[in-house]
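In our numbering, the protein residues as written are 13 to 265.
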């Protein structure tokens with residue numbers, strides 16, 4: 013689809029959040045534009061997953077605002093524009109009795125509602141979504157019979173089936189082996205570059221994130237950095253957040 017890089021998809025303004033009296037996020041302000049591929053990183057307990065949940069309307073901010081497509085998140089209605097891929101290891105039951113095609117078809121619920129029959133158009137969208145993640149040949153397999161990497165591709169296809177404009181991903185490679193992670197990140201880059209899909213991903217993997225995304229946000233209660241990943245790596249942000257030995261785990265790409 014044509015990409016308008018000036019169009020605001022997500023606007024976070026002066027956002028703060030606390031669990032009871034414990035502050036988690038303080039005065040976060042950032043904007044995600046159409047076509048961005050934003051990686052959100054930070055130390056354990058830094059609030060990066062909380063920020064994602066507030067963006068999705070799953071948590072209500074203590075102060076500040078979040079707008080999705082120009083509308084306040086708390087009153088946002090057009091959730092079919094939003095796709096979500098959770099942590100597989102935490103959120104998925106491998107014994108769930110469904111085929112790959114059935115799982116991907118669930119992505120149409122946001123467009124049609126829970127009580128609907130798949131039309132020919134729906135079936136075509138499901139097929140196209142499977143093709144986009146190169147999983148069409150597995151459509152009749154039980155989801156639990158696939159590898160962890162293949163399952164995550166199916167969850168991406170499920171999100172794509174809703175024909176969203178932005179997909180949020182929360183630590184999507186947890187429990188996925190290294191080779192499958194590489195293939196998964198290559199898929200995300202292709203979806204972003206070829207389809208113009210806006211992506212917002214939380215990850216603990218600084219090494220990968222710094223070389224995959226187009227925009228990087230580092231959160232440690234406050235917004236420590238937001239900009240190009242190359243500048244983040246070149247600066248002293250890593251040492252401040254993770255200690256002086258952090259560069260020993262970063263690899264050349």
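Ideal placement from N, C-alpha and C gives every residue a C-beta, glycine not left out.
Item	Value
Exposure label - residue 75; buried when at least 16 CB within 10 Å	exposed
Reduced DSSP category for residue 143 - H, G, I as helix; E, B as strand; rest coil	helix
Backbone CA spacing between residue 113 and residue 39 [nearest angstrom]	42 Å
Which of helix, strand or coil DSSP assigns to residue 224	helix
Host alpha helix (DSSP H) of residue 203 (start-end)	190–207
Backbone CA spacing between residue 224 and residue 201 [nearest angstrom]	7 Å
Simplified DSSP assignment, three categories, for residue 23	strand
Beta-carbon proximity check, residue 145 vs residue 120, cutoff 8 Å	no
Touching by the beta-carbon criterion (3+ pairs, under 8 Å), the stretch 47–63 and the stretch 86–97	no
Per-residue DSSP class, three states only, for residue 166	helix
Contacts around residue 134, its chain only, beta-carbon distance under 6 Å, and the 5 residues preceding and following it disregarded	120
Simplified DSSP state of residue 35, which is helix, strand or coil	strand
Three CB pairs or more closer than 8 Å across the stretch 240–250 and the stretch 194–208	no
From 162, 71, 50, residue whose alpha carbon lies closest to that of residue 30	71
Span of the beta strand (DSSP E), counted from its first residue to its last, around residue 130	Taken as a continuous stretch (DSSP letters only), residue 130 belongs to no beta strand (DSSP E), as it is neither H nor E.
Residues near residue 170 by beta carbon distance below 7 Å, same chain, minus five either side	115, 116, 118, 119
Residues of its chain near residue 147, where Cβ-Cβ distance is below 8 Å and the 5 sequence neighbours each way are ignored	112, 162, 165, 166, 169
Cβ shell of residue 101 (< 6 Å), same chain only, five flanking positions each side left out	Residue confidence is low: residue 101 scores 49 on pLDDT, short of 50, so the model does not pin down where it sits. No coordinate-derived value is stated.
Residue range of the unbroken beta strand (DSSP E) whose run includes residue 65	Premise fails: residue 65 lies in the alpha helix (DSSP H), 60–67, not in any beta strand (DSSP E).
Residue range of the beta strand (DSSP E) that includes residue 178	178–182
Residue 60 versus 231, 195, 41, 237, residue with shortest Cα-Cα distance	231
Start and end residues, beta strand (DSSP E) containing residue 186	That residue, residue 186, is in no beta strand (DSSP E); it is neither H nor E in DSSP.
C-beta contact flag for residue 177 and residue 93 at 8 Å	yes
C-beta contact flag for residue 77 and residue 25 at 8 Å	yes
Residues of its chain near residue 193, where Cβ-Cβ distance is below 6 Å and the 5 sequence neighbours each way are ignored	185
Outcome for residue 183 when other beta-carbon atoms lying within 10 angstroms are tallied against a minimum of 16	buried
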